[in-house]
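Undergrad: Sharing a structure with you now.
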Amino acid sequence: MIQKGVKIEAPSGKLGVLVPGLGAVSTTFIAGVEAVKKKIAQPIGSLTQLGTIRLGKRTERRVPKIHDFVPLASLESLVFGGWDIYEDNCYESAVKAGVLDRALLEAVRLKSKTSNRGEPFSARTTSKGCRARTSSPAKTRWNLPNS
Amino acid sequence: MDDIEQFRKTNKLSRLVMVWCGSTEAYLKPEAVHASIETFEKGLRDNDPSISPSMVYAYAALCKRIPFANGAPNLTVDIPALTQLAQEKAVPICGKDFKTGQTLMKTIIAPGLKSRMLGLNGWFSTNILGNRDGEVLDDPDSFKTKEESKLSVLDQILQPELYPDLYKDFTHKVRIHYYPPRGDNKEGWDNIDIYGWLGYPMQIKINFLCRDSILAAPIVLDLVLFLDLAQRCGMRGIQEWLSFYFKSPMHAVGLYPEHDLFIQLMKLKNTLRYLKGEDLITHLGMEYYD
């Protein structure tokens, strides 16, 4: 068991987020994080972004935000990558999913293009692994993770 | 694995997390091939059909020491081979099946009924859904995977073996219908037949017009950040404190899963307090009255 008050390594550098399955959920997540970073939307429903945590006795009135209490990676440090059996890029897939407004998706896309961090929706790798479900270039399942 | 390495190098990443956001796969039962790392790796070489695509992804992630969360009801990492691998490689994992929509409502309402010792005759849930999730769930094999995930929740929360007068033999039905016009906007109807004092019947109706991905996206974000935190704390294997986010929380052998949303939240927050060396909160509070 982990010790109480364990030493926690600082979240330095960038955190890669791999999402197999670029459908409605993952594109809504990725576009949402970009929108929150640009401050054009709020991360409603996220405990790490909005939640608080009471510490000590009620009389102490210590109730920090969760992200101020534990060292979480910042939204700015996230880099996204994913795979899907469909060929659409992340933007096209988000449009097709039809969850978020075109206006919001465009805003995220345009602003991202002008930023130095690069275009988030191109931060996408393709996988021989997942496509193998349809076109089977790998001989066995062993070849998939090891290809 | 090359894809992952290339992604890591190109973007100069210091850490990675993987969250399965893919479709529900055909129903699989744990078999011999899933029983140990050795049999699993042999299965990969022999192209065993019981190894699903999500298992292949999870295996690749664990081999690379990348924390893995399973957002679908697929078995994926919930097999001895991969929980062992997570332990050995010291990687945190969690699953299964993001708790959104109807199941979220169930785990909010059922603990309330039980805490007031109200009885349940039946709970009928039906859904219409038009996204890819709905389309995949129209396939009976995939639905069976989902159905198991959805059905177990009430039994675990209500504990009929402890409260036979209240919860023995209630009828629980769950249906999902693929209905394209709705797209991602799911609509769920719940009819809950309950009974109170002296057995008098009452009914609750819930009509939840929810947006599946709008409820799931913040879960993905939280899991990414918490799994990364867990790894930086040196936590490994199943992260039960993240049960809060799942319909079928993974748990240690011999335990039952905790489904009650409020217990799950307390467990999550107490874990954070513990990691930071703060006192756990018991809600006793007698000291205020001395």
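Those protein sequences? They're chains A and B, same order as listed.
Using the working numbering, read the first sequence as starting at 804 and increasing by one per residue.
Using the working numbering, read the second sequence as starting at 512 and increasing by one per residue.
Heads up, the beta-carbon is just placed ideally off N, CA and C, and yes, glycines get one too.
Report yes or no: is there a C-beta of chain A within less than 7 Å of the C-beta of residue 526/B?
TA: Here the question's residue 526/B lines up with position 15 in the second sequence. For residue 526/B, a Cβ of chain A is located within less than 7 Å of the residue's own Cβ.
Undergrad: Against chain B, does residue 866/A count as a neighbour if the rule is that its beta carbon must be under 7 Å from one of theirs?
TA: Counting from 1 along the first sequence, the entry for residue 866/A is found at position 63. Output row for residue 866/A: interface = no.
Undergrad: Should residue 911/A be flagged as near chain B, meaning a C-beta pair shorter than 7 Å?
TA: Locating residue 911/A in the first sequence gives position 108, counting from the first residue. No, no contact with chain B.
Undergrad: Using a Cβ cut-off of 9 Å, which residues of the stretch 840-851 of chain A contact any Cβ in chain B, in chain order?
TA: Listed by position along the chain: 846, 847, 848, 849, 850 and 851.
Undergrad: What is the C-beta distance between residue 739/B and residue 876/A, in whole angstroms, given that I count them as a contact (C-beta under 8 Å)?
TA: In the second sequence, the residue the question calls residue 739/B occupies position 228. In the first sequence, the residue the question calls residue 876/A occupies position 73. Taking a contact as a CB-CB distance under 8 Å, the pair residue 739/B and residue 876/A counts as one, their CB atoms being some 5 Å apart.
Undergrad: Would you mind reading off the limits of the beta strand (DSSP E) that contains residue 509/B?
TA: With chain B covering 512 to 801 only, the question about residue 509/B has no answer from this structure.
Undergrad: Rounded to whole angstroms, what's the CA-CA distance from residue 924/A to residue 900/A? Just pull it up for me.
TA: The count along the first sequence starts at 1 and reaches residue 924/A at position 121. The count along the first sequence starts at 1 and reaches residue 900/A at position 97. For residue 924/A, the pLDDT reaches just 43, beneath the cut-off of 50, and the residue's location in the model is therefore unreliable, leaving the point undetermined.
Undergrad: CA-CA distance, residue 687/B and residue 643/B?
TA: Taking the second sequence and counting its residues from 1, one reaches residue 687/B at position 176. Taking the second sequence and counting its residues from 1, one reaches residue 643/B at position 132. The alpha-carbon atoms of residue 687/B and residue 643/B are separated by roughly 13 Å.
Undergrad: Mind listing the chain B neighbours of residue 821/A? Cutoff is C-beta to C-beta under 8 Å, in chain order.
TA: Taking the first residue of the first sequence as 1, we reach residue 821/A at position 18. By Cβ distance, chain B contributes 515, 518, 527, 528, 529, 530, 572 and 577.
Undergrad: How would you label residue 870/A, buried or exposed, when you count the other beta carbons within 10 angstroms and need 16 or more for buried?
TA: The sequence position of residue 870/A within the first sequence is 67, counting from 1. Answer is buried; the Cβ neighbour count reaches 16.
Undergrad: When you compare only the Cα positions, how much space is there between residue 805/A and residue 745/B?
TA: Counted from its first residue, the first sequence places residue 805/A at position 2. Counted from its first residue, the second sequence places residue 745/B at position 234. Straight-line Cα distance between these residues: approximately 7 Å.
Undergrad: With DSSP collapsed to three states, give me the class of residue 541/B.
TA: Position 30 of the second sequence, counting from 1, holds the residue named residue 541/B. In this structure, residue 541/B counts as coil in the three-state DSSP scheme.
Undergrad: Taking the DSSP output, what are the residues bridged to residue 679/B?
TA: Taking the first residue of the second sequence as 1, we reach residue 679/B at position 168. Paired residues: none, contrary to the question.
Undergrad: Report the rounded CA-to-CA distance for residue 847/A versus residue 912/A, giving the unit in angstroms.
TA: Looking up residue 847/A in the first sequence gives position 44. Looking up residue 912/A in the first sequence gives position 109. For residue 847/A and residue 912/A, the distance between alpha carbons rounds to 21 Å.
Undergrad: What is the C-beta distance between residue 507/B and residue 753/B, in whole angstroms, given that I count them as a contact (C-beta under 8 Å)?
TA: Only positions 512 to 801 of chain B appear in this structure, which leaves residue 507/B out of reach.
Undergrad: Is residue 603/B closer than 7 Å to residue 741/B when the C-beta atoms are compared?
TA: As a first step, residue 741/B must be located in the second sequence, where it is residue number 230. As a first step, residue 603/B must be located in the second sequence, where it is residue number 92. Contact: yes.
Undergrad: Which one of 596/B, 550/B, 538/B and 801/B has the shortest CA to CA distance from residue 658/B?
TA: Here the question's residue 658/B lines up with position 147 in the second sequence. Per the Cα distances, 538/B.
Undergrad: In whole angstroms, what is the alpha-carbon distance linking residue 678/B and residue 620/B?
TA: As a working mapping, residue 678/B is identified with position 167 in the second sequence. As a working mapping, residue 620/B is identified with position 109 in the second sequence. Residue 678/B and residue 620/B: Cα-Cα distance of roughly 15 Å.
Undergrad: Taking the CB atoms as reference points, tell me whether residue 631/B and residue 597/B lie closer together than 7 Å.
TA: The count along the second sequence starts at 1 and reaches residue 631/B at position 120. The count along the second sequence starts at 1 and reaches residue 597/B at position 86. Not in contact: residue 631/B and residue 597/B (Cβ atoms no closer than 7 Å).
Undergrad: Along chain B, which residues have their Cβ under 7 Å away from the Cβ of residue 857/A?
TA: In the first sequence, counting from the first residue as 1, residue 857/A sits at position 54. Result: 792.
Undergrad: Going by Cα to Cα distance, which pick from 580/B, 639/B, 560/B and 518/B is closest to residue 569/B?
TA: For the purposes of this step, residue 569/B is taken as the residue at position 58 of the second sequence. Cα-wise, what sits closest to residue 569/B is 580/B.
Undergrad: So what's residue 793/B in DSSP terms, helix, strand or just coil?
TA: Position 282 of the second sequence, counted from the start, is the residue given in the question as residue 793/B. In this structure, residue 793/B counts as coil in the three-state DSSP scheme.
Undergrad: The beta strand (DSSP E) spanning residue 719/B covers which residue range?
TA: Translated into the one-based positions of the second sequence, residue 719/B becomes position 208. From DSSP, the beta strand (DSSP E) with residue 719/B extends over 712-722.
Undergrad: Do the stretch 703-718 of chain B and the stretch 659-668 of chain B meet, that is, are 3 or more Cβ pairs less than 8 Å apart?
TA: no
Undergrad: Starting from residue 779/B, trace the alpha helix (DSSP H) in both directions and tell me its first and last residue.
TA: Residue 779/B sits at position 268 when you count from the first residue of the second sequence. Where residue 779/B is concerned, the enclosing alpha helix (DSSP H) stretches over 772-786.
Undergrad: Does residue 694/B come within less than 7 Å of chain A when only Cβ atoms are used?
TA: Here residue 694/B is taken as the residue at index 183 of the second sequence, counted from 1. Yes, contact with chain A.
Undergrad: Taking 7 Å as the CB-CB cut-off, is residue 832/A touching chain B?
TA: Here residue 832/A corresponds to residue number 29 of the first sequence, with the count starting at 1. Output row for residue 832/A: interface = yes.
Undergrad: Would you call residue 807/A buried or exposed, if buried means 16 or more other Cβ atoms sit within 10 Å of its Cβ?
TA: To locate residue 807/A, count along the first sequence from 1; it is residue 4. By the 16-neighbour rule on beta-carbons within 10 angstroms, residue 807/A is exposed.
Undergrad: From 769/B, 783/B and 695/B, pick the residue whose C-alpha is nearest to that of residue 743/B; which is it?
TA: Locating residue 743/B in the second sequence gives position 232, counting from the first residue. The shortest Cα separation from residue 743/B among 769/B, 783/B and 695/B belongs to 783/B.
Undergrad: Taking residue 745/B as the query, report the chain A residues whose CB atoms sit under 8 Å from its CB, ordered along the chain.
TA: Here the question's residue 745/B lines up with position 234 in the second sequence. Correct list: 805 and 809.
Undergrad: When the distance is taken between beta carbons, is residue 755/B closer than 7 Å to residue 684/B?
TA: As a working mapping, residue 684/B is identified with position 173 in the second sequence. As a working mapping, residue 755/B is identified with position 244 in the second sequence. Contact flag unset, no.
Undergrad: Cβ closer than 9 Å: which chain B residues qualify as neighbours of residue 812/A?
TA: As a working note, residue 812/A is residue 9 in the first sequence. The contacting residues are 742, 743, 744 and 745.
Undergrad: Check whether the Cβ atoms of residue 719/B and residue 699/B lie closer than 7 Å to each other.
TA: Taking the second sequence and counting its residues from 1, one reaches residue 719/B at position 208. Taking the second sequence and counting its residues from 1, one reaches residue 699/B at position 188. Closer than 7 Å, so yes.
Undergrad: What does the alpha-carbon distance come out to for the pair residue 799/B and residue 633/B?
TA: Against the second sequence, residue 799/B aligns to sequence position 288. Against the second sequence, residue 633/B aligns to sequence position 122. Distance between the alpha carbons of residue 799/B and residue 633/B is about 42 Å.
Undergrad: Return yes when the C-beta of residue 609/B is under 6 Å from any heavy atom of the ligand PLP, and no when it is not.
TA: The ligand content of the structure shown is nil, which means the ligand PLP is not present either.
Undergrad: Going along the stretch 754-780 of chain B in order, which residues come within less than 7 Å of chain A, judged by CB to CB distance?
TA: 780
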